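Enquirer: Under my numbering, the sequence shown has 120 at position 92, and the numbering climbs by one with no breaks. Every residue gets a Cβ at the ideal spot worked out from N, C-alpha and C, and that includes glycine. Remember, predicted model here, so these are calculated numbers, not experimental data. Below are the structure tokens for one structure; questions will follow.
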Amino acid sequence: MNTRRFLFLVSVLSHSIFLGACASPAPIQPPPAVSSSACESATALSDRPLDSAFTSDKVIGGGTAETDDFRFEAYLYCDPALLPNAAAPESASAIAGLGIHTAWRYDGADLLGPVQLEWGYGSEPRLSGGWDGGLTRGSMGTYTGGINLSEGSSAITERGAIQLSFAVKAQGAHAGAVLTFELEPSADGYTPTNIRFESQR
Numbered sequence: 029m030n031t032r033r034f035l036f037l038v039s040v041l042s043h044s045i046f047l048g049a050c051a052s053p054a055p056i057q058p059p060p061a062v063s064s065s066a067c068e069s070a071t072a073l074s075d076r077p078l079d080s081a082f083t084s085d086k087v088i089g090g091g092t093a094e095t096d097d098f099r100f101e102a103y104l105y106c107d108p109a110l111l112p113n114a115a116a117p118e119s120a121s122a123i124a125g126l127g128i129h130t131a132w133r134y135d136g137a138d139l140l141g142p143v144q145l146e147w148g149y150g151s152e153p154r155l156s157g158g159w160d161g162g163l164t165r166g167s168m169g170t171y172t173g174g175i176n177l178s179e180g181s182s183a184i185t186e187r188g189a190i191q192l193s194f195a196v197k198a199q200g201a202h203a204g205a206v207l208t209f210e211l212e213p214s215a216d217g218y219t220p221t222n223i224r225f226e227s228q229r
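Laid out in structure tokens, this is it:
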């Protein structure tokens, strides 16, 4: 091998080694699960919830809100039974181990006429149920279960906020609330951050 060809090969190899050393490693995608640190720091509620059936002692965040005669609550919580491939619809969650609890309660005078319930992801909740018997003091509705699969997957991909809205509409009354949070990636999953809950009309 002549000297010129040898120097050329050394130059090519050196250049390849340099590029390899400068290349940034591909980002590691965390598993679609709530991080262990988020659940380790989760606690039980200090106040009694509107829904006495909600007994989780692993609440990550959330809160309560009021509008006129309506009271609302929403919490993110840890539950290992929530899985993306769970057979029961209420146990299916895009983020394994992460659930959402929501509840509303009416404490005003009796209202006659039809009642519409709205619940869903995004700024405009969808019609989710209702009845024709009006509202009485103590009327309430609840949801406890996993995070919508499409919403959770979208938040992971786009790194955007997840917004969950729910509302009650009756003759002479309309109130609702919205829970907003983001998913921060970590080594072993995602940590809910910037959790906000507020009432809305």
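1. Return the first residue and the last residue of the alpha helix (DSSP H) that Ala66 is part of.
2. Cα separation between Asp85 and Leu110?
3. Grouping DSSP H, G and I as helix and E and B as strand, with all else coil, what is Leu126?
4. Starting from the N-terminal side, write out each stretch of the beta strand (DSSP E) that is 3 residues or longer and does not extend beyond the segment 89-136.
5. Using three-state DSSP, classify Ala73 as helix, strand or coil.
6. In its own chain, which residues sit with a C-beta less than 8 Å from the C-beta of Glu226, not counting the 5 before and 5 after it?
7. Thinking C-alpha only, which one of Glu68, Asn176, Tyr171 is nearest Pro77?
8. Among Asp160, Glu68, Gly162, which residue has its Cα nearest to the Cα of Ile88?
9. Taking only three categories from DSSP, how would you classify Ser167?
10. Classify Trp159: buried if its beta carbon has 16 or more other beta carbons within 10 angstroms, exposed otherwise.
11. If you count every other CB in all the chains shown that lies within 10 Å of the CB of Pro220, and 16 or more means buried, which is it?
12. Given that a residue counts as buried once 16 or more other Cβ atoms are within 10 Å of its Cβ, and exposed if not, what is Thr83?
13. So for Gly217, helix, strand or coil by DSSP?
14. Less than 8 Å between the beta carbons of Gly173 and Glu212, yes or no?
15. Please state the DSSP three-state secondary structure of Leu192.
Expert: Short version:
1. Here the question's residue 66 lines up with position 38 in the sequence shown. Counted as a single uninterrupted DSSP element, the alpha helix (DSSP H) harbouring Ala66 occupies residues 64-68.
2. On the sequence shown, position 57 is the one that residue 85 refers to. On the sequence shown, position 82 is the one that residue 110 refers to. Approximately 15 Å, taken between the alpha carbons.
3. On the sequence shown, residue 126 is found 98 positions in, with the first residue counted as 1. Note: Leu126 maps to strand in three-state DSSP.
4. 98-106, 126-134, all fully within the segment 89-136.
5. Position 45 of the sequence shown, counted from the start, is the residue given in the question as residue 73. The identity of residue 73 in the sequence shown is Leu, whereas the question assumes Ala. In this structure, Leu73 counts as coil in the three-state DSSP scheme.
6. Taking the sequence shown and counting its residues from 1, one reaches residue 226 at position 198. These residues qualify, in order along the chain: Ala93, Ala205, Val206.
7. In the sequence shown, residue 77 corresponds to position 49, counting from 1. Closest by C-alpha distance to Pro77, out of Glu68, Asn176, Tyr171, is Tyr171.
8. The residue labelled residue 88 in the question sits at position 60 within the sequence shown. Closest by alpha carbon: Glu68.
9. In the sequence shown, residue 167 corresponds to position 139, counting from 1. The answer is coil: DSSP assigns Ser167 none of H, G, I, E or B.
10. Position 131 of the sequence shown, counted from the first residue, corresponds to residue 159. With fewer than 16 Cβ atoms within 10 Å of its Cβ, Trp159 is classed as exposed.
11. To locate residue 220, count along the sequence shown from 1; it is residue 192. That one is buried.
12. Taking the first residue of the sequence shown as 1, we reach residue 83 at position 55. Note on Thr83: under 16 other CB atoms within 10 angstroms of its CB, so exposed under the neighbour-count rule.
13. Numbered from its first residue, the sequence shown carries residue 217 at position 189. Gly217 falls in the strand class under three-state DSSP.
14. Against the sequence shown, residue 173 aligns to sequence position 145. Against the sequence shown, residue 212 aligns to sequence position 184. No, these two residues do not count as a Cβ contact at 8 Å.
15. Position 164 of the sequence shown, counting from 1, holds the residue named residue 192. In the displayed model, Leu192 falls within a strand according to three-state DSSP.
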